[in-house]
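Visitor: Questions regarding the structure given below will be posed in turn.
2 protein chains.
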Amino acid sequence: MPEQSPLTSALDVAEGDPFGPHNLPYGVFSTADAPERRRVGVRIGNHVLDAGAAALALGSPYAQLLAQPSLNPLLAAGRTAWRDVRRALTAWVTSPAHREDIEPLLHPLGAVTLHLPYEVADYVDFYASEHHATNVGRIFRPDGDALTPNWKHLPIGYHGRSGTVVVSGTDVVRPSGQRKTPADAAPVFGPSVKLDIEAEVGFVVGTPSELGKPVGLAEFRDHVFGLSLLNDWSARDLQAWEYVPLGPFLGKSFATSVSAWVTPLEALEEARVALPARDVPVLPYLDDSDEEEAGGLDLRISFSINGVVVSEPPFSTMYWSAAQMLAHMTVNGASLRTGDLYGSGTVSGAETGQRGSLLELTWNGTEPIELPTGKRTFLEDGDEVTLTAWAPGPDGTKVGLGEVSGRIVGRG
Amino acid sequence: MPEQSPLTSALDVAEGDPFGPHNLPYGVFSTADAPERRRVGVRIGNHVLDAGAAALALGSPYAQLLAQPSLNPLLAAGRTAWRDVRRALTAWVTSPAHREDIEPLLHPLGAVTLHLPYEVADYVDFYASEHHATNVGRIFRPDGDALTPNWKHLPIGYHGRSGTVVVSGTDVVRPSGQRKTPADAAPVFGPSVKLDIEAEVGFVVGTPSELGKPVGLAEFRDHVFGLSLLNDWSARDLQAWEYVPLGPFLGKSFATSVSAWVTPLEALEEARVALPARDVPVLPYLDDSDEEEAGGLDLRISFSINGVVVSEPPFSTMYWSAAQMLAHMTVNGASLRTGDLYGSGTVSGAETGQRGSLLELTWNGTEPIELPTGKRTFLEDGDEVTLTAWAPGPDGTKVGLGEVSGRIVGRG
Chain A
1 MPEQSPLTSA
11 LDVAEGDPFG
21 PHNLPYGVFS
31 TADAPERRRV
41 GVRIGNHVLD
51 AGAAALALGS
61 PYAQLLAQPS
71 LNPLLAAGRT
81 AWRDVRRALT
91 AWVTSPAHRE
101 DIEPLLHPLG
111 AVTLHLPYEV
121 ADYVDFYASE
131 HHATNVGRIF
141 RPDGDALTPN
151 WKHLPIGYHG
161 RSGTVVVSGT
171 DVVRPSGQRK
181 TPADAAPVFG
191 PSVKLDIEAE
201 VGFVVGTPSE
211 LGKPVGLAEF
221 RDHVFGLSLL
231 NDWSARDLQA
241 WEYVPLGPFL
251 GKSFATSVSA
261 WVTPLEALEE
271 ARVALPARDV
281 PVLPYLDDSD
291 EEEAGGLDLR
301 ISFSINGVVV
311 SEPPFSTMYW
321 SAAQMLAHMT
331 VNGASLRTGD
341 LYGSGTVSGA
351 ETGQRGSLLE
361 LTWNGTEPIE
371 LPTGKRTFLE
381 DGDEVTLTAW
391 APGPDGTKVG
401 LGEVSGRIVG
411 RG
Chain B
1 MPEQSPLTSA
11 LDVAEGDPFG
21 PHNLPYGVFS
31 TADAPERRRV
41 GVRIGNHVLD
51 AGAAALALGS
61 PYAQLLAQPS
71 LNPLLAAGRT
81 AWRDVRRALT
91 AWVTSPAHRE
101 DIEPLLHPLG
111 AVTLHLPYEV
121 ADYVDFYASE
131 HHATNVGRIF
141 RPDGDALTPN
151 WKHLPIGYHG
161 RSGTVVVSGT
171 DVVRPSGQRK
181 TPADAAPVFG
191 PSVKLDIEAE
201 VGFVVGTPSE
211 LGKPVGLAEF
221 RDHVFGLSLL
231 NDWSARDLQA
241 WEYVPLGPFL
251 GKSFATSVSA
261 WVTPLEALEE
271 ARVALPARDV
281 PVLPYLDDSD
291 EEEAGGLDLR
301 ISFSINGVVV
311 SEPPFSTMYW
321 SAAQMLAHMT
331 VNGASLRTGD
341 LYGSGTVSGA
351 ETGQRGSLLE
361 LTWNGTEPIE
371 LPTGKRTFLE
381 DGDEVTLTAW
391 APGPDGTKVG
401 LGEVSGRIVG
411 RG
């Protein structure tokens with residue numbers, strides 16, 4: 001090994017590091033010497049700050065929110081607490097006065113185990129990219145309209161399985177199930193032959209709401225704490241056979257991967273952009289034309305298989321905003337709980353190289369893509385899928401989103 | 001008032017009482033003097049036994065499972081524990097030796113508040129009645145086949161919102177949302193005008209399973225603890241506009257009511273019956289022709305509005321069994337958690353008077369029913385819906401299922 005230069009402080013994050021002190025995403029980690037002791041961690045560069053230990057060491061009033069095995073208490077504490085804790089953390093990692101206390105509480109990223117950072121309450125998945133929905137419509141209903149009549153009137157969504165939301169790095173067992181193509185006389189059973197990914201952004205609810213009381217567009221930032229990348233693994237063959245009339249079930253429920261890091265919305269102020277132009281008027285509860293809080297986010301996603309980038313879906317092209325999804329999800333009075341997670345649906349841009357699923361990239365397997373590891377229509381056992389993303393931050397910085405990765409394994 | 005005979009022991013349950021010692025369903029209650037102290041209760045006649053206090057008073061090893069604010073620890077303890085606890089409870093409420101200890105721990109049913117008895121993990125709803133699915137198909141697709149091509153090959157299901165599962169007695173706020181009939185040029189927004197119920201049976205999972213490992217038909221009773229009545233409130237107008245292509249969402253997610261009492265499967269041994277004949281062969285993982293554990297349940301449901309019975313759906317007519325639903329739900333490797341709840345879907349028999357929804361009873365509002373409180377197509381504000389049921393028990397007894405009721409209130 002080459003000789004290394006002497007270590008400087010772990011707090012001296014390189015210029016241009018997307019996990020500098022302007023970012024500070026939250027996660028939950030443990031260390032090899034105490035694998036059962038899960039703790040809230042904050043990422044700074046290539047290190048993880050034990051946030052609860054820092055709060056205790058500095059006599060901070062936020063120890064009760066941070067010295068926890070899960071992000072749930074912080075999520076439940078509400079927007080003012082989120083802001084105050086972030087301010088405190090920023091001071092701890094940037095002020096020379098705290099350096100002596102903080103440095104011993106940093107763990108190298110490679111030396112910790114990262115866990116699912118919050119308990120997922122309900123998981124909802126939307127379908128908010130016009131390019132994605134149009135591609136899917138063209139593939140499966142070539143003779144009909146690409147978009148269903150409701151698509152531009154409401155953000156279509158459905159509930160998924162919260163018990164199979166797993167943290168980045170968890171292997172994904174190839175699901176078995178029924179499939180039936182028009183050529184089959186009867187359904188056949190076996191491992192999925194069309195295993196796919198969906199590159200999405202997942203929004204994490206902090207503040208709960210009351211049953212029977214809708215949450216309006218303007219309340220989005222009071223309820224949603226942050227976001228992370230999300231991979232909604234999809235078995236297209238299982239899904240195609242099962243989904244009429246009640247929607248996706250086993251084609252999706254075997255696993256959904258999320259990043260170990262939740263990026264607070266406050267770190268993404270510079271990433272706010274206008275949504276694409278809408279060509280159909282919406283009902284008042286979805287009308288964000290006058291809303292300060294609505295709008296898009298400029299998140300630039302990268303989807304790679306076995307280390308090779310296959311597409312770069314731009315979140316800024318989404319038709320529906322995260323605030324609109326939340327307003328729609330609750331307009332019937334459905335309540336929110338701390339830990340509710342909702343996905344945007346596959347992020348696909350207008351260009352071929354911006355499609356967030358293999359279904360679209362290979363046009364349902366008819367146009368394979370070439371990788372150094374071989375031709376691909378859908379995923380093979382052993383394939384490792386990784387999503388990364390960044391967003392514009394303050395003063396020309398980049399805000400990195402934590403990656404979400406997973407490897408496909410055959411059923412043993 | 002007529003003079004009453006002197007009270008005998010609350011343990012002297014009348015002959016024919018469907019909540020006699022052969023039943024013993026579990027719930028969670030609190031009393032007015034300690035409203036915050038939720039406790040596991042067991043129903044005996046018109047009383048509730050404080051099960052944890054009984055276990056402590058009798059020095060029982062099950063105190064740790066029963067002296068709890070939720071059924072979750074008992075649910076998680078597994079089948080052997082379920083059997084042993086039930087045996088102990090049966091002895092406590094029937095043996096004269098325990099009478100002196102037990103009697104002071106009984107609370108009149110009318111004097112307690114009943115709570116949601118377990119934390120709902122994932123909620124899945126199936127569609128397992130052939131009569132119901134056929135009726136719905138005829139109503140919504142009059143020119144097509146009533147059943148979709150997949151219907152007899154797999155139990156169709158989808159995920160619902162676990163955060164809005166509420167206990168019997170909770171008022172249901174009429175949901176607002178989008179609807180659009182063919183006559184409307186654009187969707188309109190407002191309170192649902194087709195608010196309906198679905199009479200269902202809900203199965204409660206106790207023992208969890210491992211991600212990636214299907215749970216076979218024969219393992220049903222190792223994982224499922226018991227069942228209760230369930231009302232899957234449905235806004236038909238919202239649902240009709242939103243559900244293509246990803247299934248029901250806001251039309252269902254505003255509320256799902258469950259009984260306060262969970263009846264253990266062990267109390268329903270005498271209710272086991274053969275399923276109706278199947279006319280389409282199924283894949284091996286659903287083939288219960290040789291399975292001791294599969295089969296139907298003779299549960300006789302009664303659906304009433306404002307105290308008047310409007311139908312009596314027989315659960316014995318369901319096409320798919322609860323074991324088949326579980327095997328299907330996990331065949332893709334999806335894991336189970338303690339507290340998972342899955343509904344059967346609307347229970348409808350072959351006869352008109354056996355239909356478990358107003359959609360079917362009034363043929364989508366075209367054939368109103370007459371009640372003493374007026375004509376009904378769908379539910380009016382103020383209507384109270386109640387589901388009750390019983391099953392054959394040992395020695396000619398009836399096993400009562402706890403009722404599930406809810407009243408519709410307009411949005412304030």
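Chains as they are written, first to last, in full-length UniProt numbering: chain A, 1 to 412; chain B, 1 to 412. Ideal Cβ placement from N, Cα and C applies to all residues, glycine included.
Inspect the CB distances between the stretch 252-272 of chain A and the stretch 205-212 of chain A and report whether three or more fall short of 8 angstroms.
Guide: In short, these stretches do not touch, since the Cβ pair count stays below three.
Visitor: Three or more C-beta pairs under 8 angstroms: does that hold for the stretch 148-155 of chain B against the stretch 357-374 of chain B?
Guide: Judged by Cβ distances under 8 angstroms, the stretch 148-155 of chain B makes no contact with the stretch 357-374 of chain B, as fewer than three pairs qualify.
Visitor: Using a Cβ cut-off of 7 angstroms, which residues of the stretch 100-132 of chain B contact any Cβ in chain A, in chain order?
Guide: For the stretch 100-132 of chain B, which is checked against every Cβ of chain A, the residues closer than 7 angstroms are Ala121, Asp122 and Tyr127.
Visitor: Name the chain B residues whose beta carbon is nearer than 9 angstroms to that of glutamate 219 (chain A)?
Guide: Within chain B, no residue comes near glutamate 219 (chain A); the closest Cβ sits about 16 angstroms away, beyond 9 angstroms.
Visitor: Below 8 angstroms on C-beta distance, what does isoleucine 408 (chain B) contact in chain A?
Guide: Correct list: empty, because the minimum Cβ distance to chain A is about 12 angstroms.
Visitor: For valine 244 (chain A) and threonine 134 (chain B), I'd like the C-alpha separation in whole angstroms.
Guide: Each residue's alpha carbon lies about 14 angstroms from the other.
Visitor: Quick one, which residues of the stretch 38-59 of chain B are near chain A if we go by CB-CB under 7 angstroms, in chain order?
Guide: Those residues of the stretch 38-59 of chain B that come within reach of chain A (Cβ to Cβ, closer than 7 angstroms) do not exist; the list is empty.
Visitor: Among B:Ser405, B:Asp50, B:Ser357 and B:Gly410, which residue has its Cα nearest to the Cα of glutamate 198 (chain B)?
Guide: Comparing Cα-Cα distances from glutamate 198 (chain B) to each of B:Ser405, B:Asp50, B:Ser357 and B:Gly410, the minimum goes to B:Ser357.
Visitor: Using a Cβ-Cβ cut-off of 8 angstroms (strictly less than) and excluding sequence neighbours within five positions of proline 314 (chain B), which residues of its own chain qualify?
Guide: Counting only Cβ-Cβ distances below 8 angstroms, and skipping sequence neighbours, we find Asp298, Leu299, Arg300, Ile301, Val347, Gly349 and Gln354.
Visitor: Using alpha carbons as the reference points, say which of B:Val93, B:Arg38, B:Val224 and B:Ala77 lies closest to valine 13 (chain B).
Guide: When each option's Cα is compared against that of valine 13 (chain B), the closest is B:Val93.
Visitor: Is the CB of tyrosine 319 (chain B) under 7 angstroms away from at least one CB in chain A?
Guide: False, the Cβ-Cβ gap to chain A never drops below 7 angstroms.
Visitor: Specify the secondary structure class of leucine 65 (chain A) as computed by DSSP and reduced to three states.
Guide: Three-state DSSP puts leucine 65 (chain A) in a helix.
Visitor: Apart from the five residues on each side of it in sequence, which residues of its chain come closer than 7 angstroms, Cβ to Cβ, to serine 321 (chain A)?
Guide: Around serine 321 (chain A): Leu275, Asp288, Ala294, Gly295 and Gly296.
Visitor: Taking leucine 283 (chain A) as the reference, give the member of B:Val258, B:Val310, B:Ser176 and B:Val309 with the closest Cα.
Guide: With distances taken between Cα atoms, leucine 283 (chain A) lies closest to B:Ser176.
Visitor: Please decide whether isoleucine 156 (chain B) counts as near chain A, where near means a Cβ-Cβ distance under 7 angstroms.
Guide: Yes, its Cβ sits closer than 7 angstroms to a Cβ of chain A.
Visitor: Just checking: is the beta-carbon of histidine 223 (chain A) within a distance shorter than 7 angstroms of some beta-carbon in chain D?
Guide: The displayed structure is made up of protein chains A and B, and chain D is not among them.
Visitor: Listing by chain order, which chain A residues have their CB less than 7 angstroms from the CB of phenylalanine 254 (chain B)?
Guide: Ordered by position in chain A, the residues that pass the 7 angstroms Cβ test against phenylalanine 254 (chain B) are Asn332, Gly333 and Ala334.
Visitor: My output table needs one value for threonine 366 (chain A): the three-state DSSP class, helix, strand or coil.
Guide: The answer is coil: DSSP assigns threonine 366 (chain A) none of H, G, I, E or B.
Visitor: Please tell me whether arginine 39 (chain B) and glycine 59 (chain B) are closer than 7 angstroms, where the distance is taken between their beta carbons.
Guide: Cβ atoms of arginine 39 (chain B) and glycine 59 (chain B): not closer than 7 angstroms.
Visitor: For valine 331 (chain A), collect the residues of the same chain with a Cβ closer than 7 angstroms to its Cβ; drop the 5 residues on either side in sequence, then sort them by chain order.
Guide: Counting only Cβ-Cβ distances below 7 angstroms, and skipping sequence neighbours, we find Pro214 and Tyr285.
Visitor: Just confirm the distance between the C-beta atoms of valine 280 (chain A) and phenylalanine 225 (chain A), as a whole number of angstroms; I'd bet it's less than 8 angstroms.
Guide: No, valine 280 (chain A) and phenylalanine 225 (chain A) are not in contact; Cβ-Cβ is about 31 angstroms, not under 8 angstroms.
Visitor: Roughly how many angstroms separate the alpha carbons of leucine 265 (chain A) and serine 259 (chain A), rounded to a whole number?
Guide: Going by the C-alpha atoms only, they are around 15 angstroms apart.
Visitor: Does any CB atom of chain B fall closer than 7 angstroms to the CB of glutamine 178 (chain A)?
Guide: Answer yes: the Cβ-Cβ gap between glutamine 178 (chain A) and chain B drops below 7 angstroms somewhere.
Visitor: Below 8 angstroms, can you find three or more Cβ-Cβ pairs linking the stretch 76-93 of chain B to the stretch 400-408 of chain A?
Guide: As far as the Cβ criterion goes, the stretch 76-93 of chain B does not touch the stretch 400-408 of chain A, which means the pair count is below three.
Visitor: Helix, strand or coil, according to DSSP, for asparagine 72 (chain B) in the structure here?
Guide: Helix.
Visitor: Determine, for leucine 71 (chain B), whether the minimum Cβ-Cβ distance to residues of chain A falls below 7 angstroms.
Guide: Cβ-Cβ to chain A under 7 angstroms: no for leucine 71 (chain B).
Visitor: For the alpha helix (DSSP H) holding asparagine 135 (chain A), just list the boundary residues, first then last.
Guide: Per DSSP, asparagine 135 (chain A) belongs to the alpha helix (DSSP H) from 130-140.
Visitor: Quick one: measure Cβ to Cβ for tyrosine 123 (chain B) and valine 165 (chain B), integer angstroms, because I've assumed they're closer than 8 angstroms.
Guide: Tyrosine 123 (chain B) to valine 165 (chain B), Cβ: 6 angstroms. Contact.
Visitor: List the DSSP bridge partners of phenylalanine 189 (chain A).
Guide: Answer is A:Gln178, bridged to phenylalanine 189 (chain A).
Visitor: Which residue's Cα is closest to the Cα of serine 70 (chain B): B:Ala146, B:Arg86 and B:Asp50?
Guide: Closest by alpha carbon: B:Asp50.
Visitor: I'd like the ranges of any beta strand (DSSP E) spanning at least 3 consecutive residues and lying wholly in the stretch 320-406 of chain A.
Guide: Counting only runs of 3 or more, we get 341-343, 369-371, 374-376 and 384-392.
Visitor: Taking the beta carbon of glutamine 4 (chain B) as the centre, do at least 16 other beta carbons fall within 10 Å, making it buried, or is it exposed?
Guide: Only weak support exists for where glutamine 4 (chain B) lies, its pLDDT of 43 falling under 50; the value from the coordinates is given anyway. Glutamine 4 (chain B) is exposed by the Cβ-count criterion.
Visitor: Going by Cα to Cα distance, which pick from B:Leu401, B:His98, B:Pro191 and B:Leu229 is closest to arginine 236 (chain B)?
Guide: For arginine 236 (chain B), the nearest C-alpha among the options comes from B:Pro191.
Visitor: Let me know the beta strand (DSSP E) ranges lying completely inside the stretch 264-323 of chain A, each 3 residues or longer, listed in chain order.
Guide: Runs found: 300-305 and 308-311.
Visitor: Is methionine 1 (chain A) helix, strand or coil when you go by DSSP?
Guide: Residue confidence is low: methionine 1 (chain A) scores 40 on pLDDT, short of 50, so the model does not pin down where it sits. Its coordinate-derived value is still stated next. Note: methionine 1 (chain A) maps to coil in three-state DSSP.
Visitor: For proline 117 (chain B), name the three-state secondary structure that DSSP assigns.
Guide: Here proline 117 (chain B) sits in coil by DSSP.
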